[in-house]
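Notes for the one structure printed next.
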Amino acid sequence: MSRGGSLDALTGLRFFAALHVVLFHFARPALDPAPEWLRSLVGSGYSAVGVFFVLSGFVLAWNYLDTDGHMETGTRAFLAARVARVYPVYLLTFLLSSPPVMLASVVENGWKVAAMKLAVAAVATLALVQAWVPRLALYWNPPGWSVAVEAFFYALFPRLARWLPRLRPSWMPGVLVGLWALGLTPPVLYLVLRPDGLATVDVHSWGTWLALMKFTPVARLPEFLFGVVLGWWFVRERAAGGQKGSGGGLALLGAGLLLAVGAAGERIPYPLMHNGLLAPASGLLVYGLARGGGWLGWALSRPVVVRLGAASYALYLLQFPVGEAVAKVAPWVSLSTPLGKLGLVLLWVIPASLLTHHYVETPLRSRVRKLLQPWVEAEGAAPVRPVAPGA
42 MSRGGSLDAL TGLRFFAALH VVLFHFARPA LDPAPEWLRS LVGSGYSAVG
92 VFFVLSGFVL AWNYLDTDGH METGTRAFLA ARVARVYPVY LLTFLLSSPP
142 VMLASVVENG WKVAAMKLAV AAVATLALVQ AWVPRLALYW NPPGWSVAVE
192 AFFYALFPRL ARWLPRLRPS WMPGVLVGLW ALGLTPPVLY LVLRPDGLAT
242 VDVHSWGTWL ALMKFTPVAR LPEFLFGVVL GWWFVRERAA GGQKGSGGGL
292 ALLGAGLLLA VGAAGERIPY PLMHNGLLAP ASGLLVYGLA RGGGWLGWAL
342 SRPVVVRLGA ASYALYLLQF PVGEAVAKVA PWVSLSTPLG KLGLVLLWVI
392 PASLLTHHYV ETPLRSRVRK LLQPWVEAEG AAPVRPVAPG A
């Protein structure tokens, strides 16, 4: 970190958030004999994406904002760093996902219709706009929808930084409450109006309005803004020299709330769990870890955990290609023993993410930034400055 501090615990947190999503996708069939609270906790893994949105806003504020809320780098430098950060692994997993997606589409639709659908979906996915179209959000590599949402956040961040200086520090608590309420508005409206006419709404439900609520970047924007405002608050606090090493209680409270709400399962309406409800708990955890995090921060800052956290982006995007590979290479395991499939997926995807981070993500990030440097310099901005791993 360039500001004289270490946020390694937040990098470590990324691994467990990504792992929660992986377990949500692959562990549920294996947990039938498990206690209800554990099944519910794993079944709430989709909510970890909201943790990523809050964390993303926080880390971007820490890396790019000064105490007045202004960006410390040019817009093009910022965008170049973002593209270099997310696109190499995103493109790799797009290519890895292509064979099964294409084959399934041809089998279902025939060559002519499949070619049209695949072309539209591929263009939308490569352009990072698939999250705006419910039918396309999960079409290619399903976890990629959240990267498309993040791309919208990145495009908005430089403009947001022009507005932040107008925000008085004394308003920050009220703004955070307002952003939380704003993030809860779409799911509350959905629960009240039931526009899809579904009798029940759970993780297996599908409807156009439900998909819009879940995937549309505008609906998820308050969670990101919550993280940005909290991150700027932290920047100001650190600049004033206060509160370092005092976040253990906050981190434990945030983690406890996330675990308790996740274990509550279907007692909490699915739309609320998916969108916004846990933003304050995520914020407490992230903010507490940034301030030191106590023993939880110490545990998440261990070198092996930080290394896994640095590879968490690859882990998140590789889960479905690896799942497809497991199904092809070991179909007897995938079909007969859910626990065996989960074990194989984890056995493959974690090393694959570490290798991808080392041999693809890290070297290509530098190359892409060098490639984009003339475009950055044309704006008259300073060269892209290094940012924290996972930022």
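In our numbering, each residue's number is its place in the sequence shown (first place is 1) plus 41. Think of the CB as a built atom: it goes at the ideal place given N, C-alpha and C, for glycine as much as any other residue. Quantities reported herein were computed from a predicted structural model and do not represent experimental measurements.
| task | Take Gly-84 as the anchor and find which of Val-244, Arg-348, Leu-385 has the nearest alpha-carbon. | result | Checked all of Val-244, Arg-348, Leu-385; the closest Cα to Gly-84 is Val-244.
| said: Could you tell me the alpha carbon to alpha carbon distance between Arg-308 and Leu-413, rounded to whole angstroms? | reply: Taking the straight line joining both Cα atoms gives about 49 angstroms.
| query | Secondary structure at Leu-48, three-state DSSP: helix, strand or coil? | reply | Three-state DSSP puts Leu-48 in coil, outside helix and strand.
| request: Could you check what DSSP says for Phe-57 in three-state terms: helix, strand or coil? | output: DSSP places Phe-57 in helix when its eight states are reduced to three.
| request: Give the straight-line distance between the Cα atoms of Arg-261 and Leu-383, rounded to the nearest whole angstrom. | output: Approximately 30 angstroms, taken between the alpha carbons.
| request: Identify every residue that forms a DSSP beta bridge with Leu-177. | output: In the DSSP output, where bridge partners are listed per residue, Leu-177 has none listed.
| In this structure, does DSSP put Leu-232 in helix, strand or coil? | DSSP places Leu-232 in helix when its eight states are reduced to three.
| said: I need the DSSP call for Leu-106, collapsed to helix, strand or coil. | reply: Here DSSP, grouped into helix, strand and coil, assigns Leu-106 to strand.
| If you drop the 5 nearest sequence neighbours on each side, which residues of the same chain put their C-beta closer than 6 angstroms to that of Pro-184? | Excluding residues within five positions, the ones whose Cβ falls inside 6 angstroms are Tyr-357, Leu-358.
| query | Straight-line CA distance for Pro-379 to Phe-361? | reply | Approximately 15 angstroms between the Cα atoms of the pair.
| task | Tell me Met-112's beta-bridge partners as DSSP assigns them. | result | Answer is Leu-106, bridged to Met-112.
| task | Label Gly-290 either buried or exposed according to how many other C-beta atoms from any shown protein chain fall within 10 Å of its C-beta, with 16 as the threshold for buried. | result | Gly-290 comes out exposed.
| What is the rounded straight-line gap between the Cα of Leu-330 and the Cα of Pro-372? | Answer to the nearest angstrom: the Cα atoms are 42 angstroms apart.
| said: Quick check on Leu-300: does DSSP put it in helix, strand or coil? | reply: The answer is helix: DSSP assigns Leu-300 an H, G or I state.
| request: Sort Trp-212, Ala-202, Leu-298, Phe-67 by Cα distance to Trp-103 and report the nearest one. | output: The option with the nearest alpha carbon to Trp-103 is Ala-202.
| Rounded C-beta distance between Leu-169 and Val-188? I'm assuming under 8 angstroms. | Confirmed, Cβ separation roughly 7 angstroms.
| query | How big is the Cα-Cα spacing for Thr-226 and Trp-173? | reply | For Thr-226 and Trp-173, the distance between alpha carbons rounds to 18 angstroms.
| message | Given this structure, state the Cα-to-Cα distance separating Ala-294 from Trp-250, to the nearest angstrom. | response | Residue identity differs from the one stated: residue 294 is Leu in this sequence, not Ala. Distance between the alpha carbons of Leu-294 and Trp-250: 34 angstroms.
| said: To the nearest angstrom, how far is the alpha carbon of Asp-49 from that of Lys-153? | reply: For Asp-49 and Lys-153, the distance between alpha carbons rounds to 50 angstroms.
| request: Assign Ala-75 to one of three DSSP states: helix, strand, or coil. | output: Correct three-state label for Ala-75: coil.
| Roughly how many angstroms lie between the CA atoms of Phe-13 and Val-363, to the nearest whole one? | It is not possible to answer for residue 13, since the shown part of the chain is limited to 42 through 432.
| query | Under the three-state reduction of DSSP, which class applies to Glu-278: helix, strand or coil? | reply | It is helical.
| request: Would you kindly check if the distance between the Cβ of Phe-94 and the Cβ of Glu-278 is under 8 angstroms? | output: The Cβ atoms of Glu-278 and Phe-94 lie no closer than 8 angstroms to each other.
| said: Excluding the 5 residues flanking Ser-88 on each side, which residues of the same chain have their C-beta closer than 6 angstroms to its C-beta? | reply: If we look at Ser-88 and ignore the five residues flanking it on each side, its Cβ neighbours are Met-314, Leu-319.
| query | Between which two residues does the alpha helix (DSSP H) harbouring Gln-473 extend? | reply | Because the chain here runs from 42 to 432, residue 473 falls outside it and cannot be looked at.
| query | Taking buried to mean at least 16 other C-beta atoms within 10 Å of its own C-beta, is Glu-191 buried or exposed? | reply | By the 10 Å Cβ count, Glu-191 comes out buried.
| request: Measure the beta-carbon distance from Leu-177 to Ala-165 and round it to whole angstroms, keeping in mind my assumption that it falls under 8 angstroms. | output: About 5 angstroms separates the two Cβ atoms, so the contact holds.
| For Val-100 versus Gly-272, is the C-beta distance shorter than 8 angstroms? | Yes, the Cβ-Cβ distance between Val-100 and Gly-272 is below 8 angstroms.
| said: If I follow the unbroken alpha helix (DSSP H) through Tyr-311, where does it start and stop? | reply: 311-315 is the extent of the alpha helix (DSSP H) around Tyr-311.
| task | Give the C-beta separation of Ala-296 and Leu-266 to the nearest angstrom, bearing in mind that I take them to be a contact with Cβ-Cβ under 8 angstroms. | result | Incorrect: roughly 22 angstroms between the Cβ atoms, too far for contact.
| message | Can you tell me whether Leu-72 is buried or exposed? The criterion is at least 16 other CB atoms within 10 Å of its CB, across all chains shown. | response | The residue in question, Leu-72, is buried, as its Cβ has 16 or more Cβ neighbours within 10 Å.
| request: Alpha carbon to alpha carbon, how far is Ala-393 from Val-148? Give it in angstroms, no decimals. | output: Roughly 29 angstroms separates the two Cα atoms.
| said: If contacts are defined as beta-carbon pairs under 8 angstroms, then Leu-253 and Pro-175 qualify, I think. What distance do you get, rounded to the angstrom? | reply: The beta-carbon distance between Leu-253 and Pro-175, rounded to whole angstroms, is 6 angstroms. This is short enough to meet the 8 angstroms contact definition.
| For the candidate residues Val-276, Ala-162, Val-218, Leu-144, whose alpha-carbon lies nearest to that of Leu-322? | Residue 322 is actually Ala in this sequence, not Leu. Considering only alpha carbons, the answer is Val-218.
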